[in-house]
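Accompanying notes for the structure given below.
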Amino acid sequence: MGAANSTIRVTDLNFNNIKTNLKAFLRGKPQFTDYDFEGSALSNLIDLLAYNTYYNSIYTNMVGNEMFLDSAQIRNNVVARAKMLGYTPTSSRGSSATLNVTITPSSNVTSVTIPANTLFTSSIDGIQYKFTTPENYVLLQSTGYTSNSVVITEGEPLQERIGVDTSTAQRFILNNPNIDTTSIKVQIQTGGSNTALRTFTEATNIVDVQANSQVYFIQENEDGKYELLFGDNVLGKALDNGNIVIVNYRVVNGSSTNGANNFVAPSALGGEASFTVSVANSASGGANAETTSSIKFNAPKSFQRQNRAVIKNDYARTLLAEAPDLQAISVWGGEDNDPPIYGKVYIAAKPKSGNLLSDQRKAELSTLLTSKNVVTISPTFVDATFLYVVPRITVRYDVARTSEQASAISDKVATAVRNFETSDLSLFDRKFRESVFMDDVVSSDTSILGANITYSMMKRFTPNQNITTSYSIAFNNGISNPHAGHYGAISSTSFTFQNQTCFLDDDGNGVLRIYYLDSQNNKTYLNTSAGTVNYSSGLVVIKSVIITSSGTIEVNAKPAINDISPARNMILLISKAAIDVVNDSTGATESSVSNVTTAGTTETISSETSSILSTGSTGGVTNLVY
Numbered sequence: 009m010g011a012a013n014s015t016i017r018v019t020d021l022n023f024n025n026i027k028t029n030l031k032a033f034l035r036g037k038p039q040f041t042d043y044d045f046e047g048s049a050l051s052n053l054i055d056l057l058a059y060n061t062y063y064n065s066i067y068t069n070m071v072g073n074e075m076f077l078d079s080a081q082i083r084n085n086v087v088a089r090a091k092m093l094g095y096t097p098t099s100s101r102g103s104s105a106t107l108n109v110t111i112t113p114s115s116n117v118t119s120v121t122i123p124a125n126t127l128f129t130s131s132i133d134g135i136q137y138k139f140t141t142p143e144n145y146v147l148l149q150s151t152g153y154t155s156n157s158v159v160i161t162e163g164e165p166l167q168e169r170i171g172v173d174t175s176t177a178q179r180f181i182l183n184n185p186n187i188d189t190t191s192i193k194v195q196i197q198t199g200g201s202n203t204a205l206r207t208f209t210e211a212t213n214i215v216d217v218q219a220n221s222q223v224y225f226i227q228e229n230e231d232g233k234y235e236l237l238f239g240d241n242v243l244g245k246a247l248d249n250g251n252i253v254i255v256n257y258r259v260v261n262g263s264s265t266n267g268a269n270n271f272v273a274p275s276a277l278g279g280e281a282s283f284t285v286s287v288a289n290s291a292s293g294g295a296n297a298e299t300t301s302s303i304k305f306n307a308p309k310s311f312q313r314q315n316r317a318v319i320k321n322d323y324a325r326t327l328l329a330e331a332p333d334l335q336a337i338s339v340w341g342g343e344d345n346d347p348p349i350y351g352k353v354y355i356a357a358k359p360k361s362g363n364l365l366s367d368q369r370k371a372e373l374s375t376l377l378t379s380k381n382v383v384t385i386s387p388t389f390v391d392a393t394f395l396y397v398v399p400r401i402t403v404r405y406d407v408a409r410t411s412e413q414a415s416a417i418s419d420k421v422a423t424a425v426r427n428f429e430t431s432d433l434s435l436f437d438r439k440f441r442e443s444v445f446m447d448d449v450v451s452s453d454t455s456i457l458g459a460n461i462t463y464s465m466m467k468r469f470t471p472n473q474n475i476t477t478s479y480s481i482a483f484n485n486g487i488s489n490p491h492a493g494h495y496g497a498i499s500s501t502s503f504t505f506q507n508q509t510c511f512l513d514d515d516g517n518g519v520l521r522i523y524y525l526d527s528q529n530n531k532t533y534l535n536t537s538a539g540t541v542n543y544s545s546g547l548v549v550i551k552s553v554i555i556t557s558s559g560t561i562e563v564n565a566k567p568a569i570n571d572i573s574p575a576r577n578m579i580l581l582i583s584k585a586a587i588d589v590v591n592d593s594t595g596a597t598e599s600s601v602s603n604v605t606t607a608g609t610t611e612t613i614s615s616e617t618s619s620i621l622s623t624g625s626t627g628g629v630t631n632l633v634y
């Protein structure tokens with residue numbers, strides 16, 4: 009009996025179970041067979057033993073978990089495990105903006121130089137941020153002392169100087185954890201009296217490092233700061249005693265400055281007080297330091313791709329790992345393009361802030377990929393395009409099931425619409441599924457009995473005003489046309505054509521038409537062959553028209569089916585959702601919302617109209633609106 013009960017079940021790590029096991033163990037001894045543990049002082053000792061065992065088990069389990077990347081929770085341990093895979097977490101990134109600058113010099117000079125670290129400021133939510141030029145910009149007399157590509161980058165430039173003492177186990181730790189590591193520039197001064205400088209570059213590929221390579225390595229230390237490592241004359245050149253390490257870098261504020269578009273210039277640029285500055289591209293590309301969850305995800309992926317970009321997944325993983333400002337990426341080979349273009353890989357990226365990458369950011373990312381990809385392949389960035397789903401929602405509710413007003417129910421439906429856009433759309437390769445959307449709408453309030461929802465697809469474009477232009481508008485989804493002559497699948501917002509306020513429709517046979525409304529609201533057609541509609545592919549072409557109005561035109565199409573799919577670089581959003589709340593007992597509409605505010609409603613992507621691709625026979629141009 010005693011022997012049977014003397015075994016402790018060591019897998020029971022709950023405090024109460026440990027205590028029960030200890031009592032069972034003691035009861036297996038003859039001295040404690042009938043002992044009243046609860047009423048004795050021994051009970052306190054058992055509690056103490058149970059607590060001690062419980063704490064030790066927790067600590068031991070924690071140590072075991074922290075040894076592996078998947079289960080580690082403490083950032084220092086996650087970073088250490090990632091280091092074993094050759095992965096360095098990305099630091100905070102400062103945002104960059106592009107300025108148009110024109111300087112009027114006080115004398116006749118051939119050029120004016122805007123020096124590196126020229127300070128600009130911008131205020132966001134009452135907080136002032138510093139932006140500086142990362143390099144010199146030379147404005148030539150031949151170009152009118154003008155540059156449309158002056159880049160300013162957020163962050164405060166700082167410098168550290170660290171003496172080298174080879175007699176100790178020295179660590180070169182930079183003082184600030186908010187450093188943008190891409191801004192680090194390392195120079196080695198021979199000594200105090202010898203001011204000659206040698207530039208060291210970051211080693212990104214160990215294969216290329218030789219014994220005399222002037223390189224440094226960087227890693228995140230246990231305090232979240234960055235530490236520089238130098239070679240040992242086997243992998244990289246070693247530092248000599250008395251050398252001085254000079255490190256220049258920027259301390260940044262991460263994503264806080266994305267979207268900044270109002271900058272205060274210094275009193276003089278290039279020593280000249282007369283100048284004009286305008287914003288070409290708002291600040292973008294800022295990002296916070298990589299999170300532990302991101303490190304745990306990206307480190308194994310980085311090890312798999314081995315610092316190269318060959319297949320399309322390599323491109324996506326490289327960008328997601330090294331460009332923390334990106335939220336989503338779509339990659340496809342040129343051979344899969346329409347039409348096929350060999351020797352290219354196409355990349356569409358959506359930033360975390362906003363929907364489109366600036367030209368400056370595209371150039372930076374292209375440079376990043378070019379250093380890692382196959383020489384014969386050219387990475388090409390294209391803008392994300394947007395297809396808007398426009399739902400018309402009618403819900404019927406039971407007044408006996410709720411004490412709320414119809415307007416409150418309408419608000420809940422609107423919230424469900426917004427949440428669906430955020431969770432189910434807004435990224436590449438996210439399909440609009442009617443059944444899921446319907447379920448979200450109906451389940452938004454318990455009083456809703458059912459819903460009737462109709463849908464249209466919508467594309468936006470900005471016309472080339474007063475220029476003969478053709479437009480190709482790709483919905484990339486079938487357009488409703490149940491039989492020949494069934495017109496009304498295409499509609500549009502107004503635009504000015506031949507001095508009339510006009511609209512688009514189709515004749516049901518694949519012909520696009522332009523009309524205006526007379527005084528009796530009857531359609532009068534000005535052009536009965538304004539373009540074509542391919543109902544199966546969803547391609548709408550407006551042929552050689554002169555639109556004299558400015559602003560955005562919205563073209564709507566009824567989908568052939570309500571499950572809507574995005575193309576390669578297409579993102580689905582919801583726009584102009586309308587909601588009617590109907591009392592099921594009376595049939596009366598008690599609340600109506602004509603335009604639910606979503607990302608799709610508030611943002612017009614004018615750049616969906618591409619640059620000019622071809623010249624027509626009449627001197628016009630062709631724009632693609634994908």
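Residue 9 is where the sequence shown starts when you use the numbering used here, and the numbers rise one by one after that. Glycine included, C-beta positions come from ideal geometry on N, C-alpha and C. The structure presented is a predicted model; accordingly, all values stated were derived computationally and were not measured.
Just reading off the alpha helix (DSSP H) that residue i is part of, what are its end residues?
i: F33; result: 23-35
i: Q368; result: 367-378
i: A414; result: 414-432
i: E442; result: 442-450
CB-CB under 8 Å to residue i, same chain, minus the five flanking residues each way: which ones, in chain order?
i: T129; result: Q136, Y137, K138, F139, F271, V272
i: F23; result: A58, Y59, Y62
i: T190; result: S99, R101
i: I226; result: T96, T189, I192, E210, Y234, E235, L236, L237
Using a Cβ-Cβ cut-off of 7 Å (strictly less than) and excluding sequence neighbours within five positions of residue i, which residues of its own chain qualify?
i: T612; result: Because the pLDDT of T612 is 46, which lies under 50, any placement of that residue in the model is unreliable, and the number read from its coordinates should be weighed accordingly. Excluding residues within five positions, the ones whose Cβ falls inside 7 Å are R468, T560.
i: V146; result: S119, T121
i: V242; result: A219
i: F230; result: The question names Phe, yet the displayed sequence has Glu at residue 230. Excluding residues within five positions, the ones whose Cβ falls inside 7 Å are N84.
i: S558; result: Q473
Does the distance from the CB of residue i to the CB of residue j come in under 7 Å?
i: G518; j: T540; result: yes
i: G163; j: R258; result: yes
i: R404; j: G486; result: no
i: N156; j: N108; result: yes
i: V407; j: V449; result: no
i: V194; j: V255; result: yes
i: P185; j: G232; result: yes
i: E635; j: R179; result: This structure cannot settle anything about residue 635, because the visible part of the chain is limited to 9 through 634.
i: V563; j: I475; result: no
i: F208; j: Q222; result: yes
i: A291; j: N266; result: yes
i: K360; j: D333; result: yes
i: F440; j: I572; result: yes
i: I2; j: F511; result: Missing from the structure shown is residue 2; the chain here goes from 9 to 634 and no further.
For the beta strand (DSSP E) containing residue i, name the first residue and the last one.
i: Q218; result: Looking at the DSSP string, Q218 is not in any beta strand (DSSP E), and its letter there is neither H nor E.
i: D513; result: 508-514
i: N542; result: 531-542
i: T207; result: 205-210
i: P399; result: 393-405
i: E230; result: Unbroken run through E230: none, as it is neither H nor E.
i: I569; result: Premise fails: I569 is in no beta strand (DSSP E) and is neither H nor E.
i: R521; result: 519-525
i: D588; result: 585-591
What residues in its chain sit with their C-beta under 6 Å from that of residue i, if we drop five residues either side in the sequence?
i: N25; result: none
i: T112; result: S282
i: N460; result: T402
i: F483; result: M465, G546, A565
i: T28; result: none
i: S263; result: G294, A295, N296
For the ligand SAM, I want to know if residue i counts as a neighbour, meaning its beta carbon is within less than 6 Å of at least one of the ligand's heavy atoms.
i: N489; result: In the structure on display, the ligand SAM does not appear, and there are no ligands present to speak of.
Taking three-plus beta-carbon pairs below 8 Å as touching, is the stretch 561-570 in contact with the stretch 461-477?
-> With the cut-off at 8 Å, the stretch 561-570 and the stretch 461-477 touch.
Does the stretch 417-425 come close enough to the stretch 536-554 to have 3 or more Cβ pairs within less than 8 Å?
-> The stretch 417-425 makes no contact with the stretch 536-554: fewer than 3 CB pairs, one atom from each, lie closer than 8 Å.
Is the stretch 107-127 touching the stretch 327-344, taking contact as three or more C-beta pairs under 8 Å?
-> No contact exists between the stretch 107-127 and the stretch 327-344.
Contained beta strand (DSSP E) runs [length at least 3] in the stretch 465-506, N- to C-terminal order = Qualifying beta strand (DSSP E) stretches, in chain order: 477-482, 498-500, 503-505.
Would the stretch 193-200 and the stretch 249-258 be scored as touching if the rule is three or more Cβ pairs under 8 Å?
-> Under the Cβ criterion (8 Å, minimum of three pairs), the stretch 193-200 counts as touching the stretch 249-258.
Does the stretch 362-375 touch the stretch 96-110, meaning 3 or more C-beta pairs lie closer than 8 Å?
-> Contact holds between the stretch 96-110 and the stretch 362-375, because three or more Cβ pairs, one in each stretch, are under 8 Å apart.
Fully enclosed by the stretch 144-193, which beta strand (DSSP E) runs are 3 residues long or longer?
-> Scanning the stretch 144-193 from its first residue to its last, the whole beta strand (DSSP E) runs of 3-plus residues come out as 145-148, 154-162, 164-171.
Say whether the stretch 392-399 touches the stretch 580-587, bearing in mind that this needs 3 or more beta-carbon pairs closer than 8 Å, one atom from each stretch.
-> Contact between the stretch 392-399 and the stretch 580-587 is present, because at least three Cβ pairs lie under 8 Å.
At least three beta-carbon pairs within less than 8 Å, the stretch 597-607 to the stretch 510-528 | Touching, no, given that fewer than three Cβ pairs across the two stretches are closer than 8 Å.
Report the residue ranges of all beta strand (DSSP E) runs contained in full by the stretch 49-120; include only those spanning at least 3 residues, in chain order.
-> Taken in chain order, the unbroken stretches of beta strand (DSSP E) that lie wholly in the stretch 49-120 and span 3 residues or more are 104-111.
Whole runs of the beta strand (DSSP E) within the stretch 271-316, excluding any shorter than 3 residues | The stretch 271-316 contains these whole beta strand (DSSP E) runs: 283-292.
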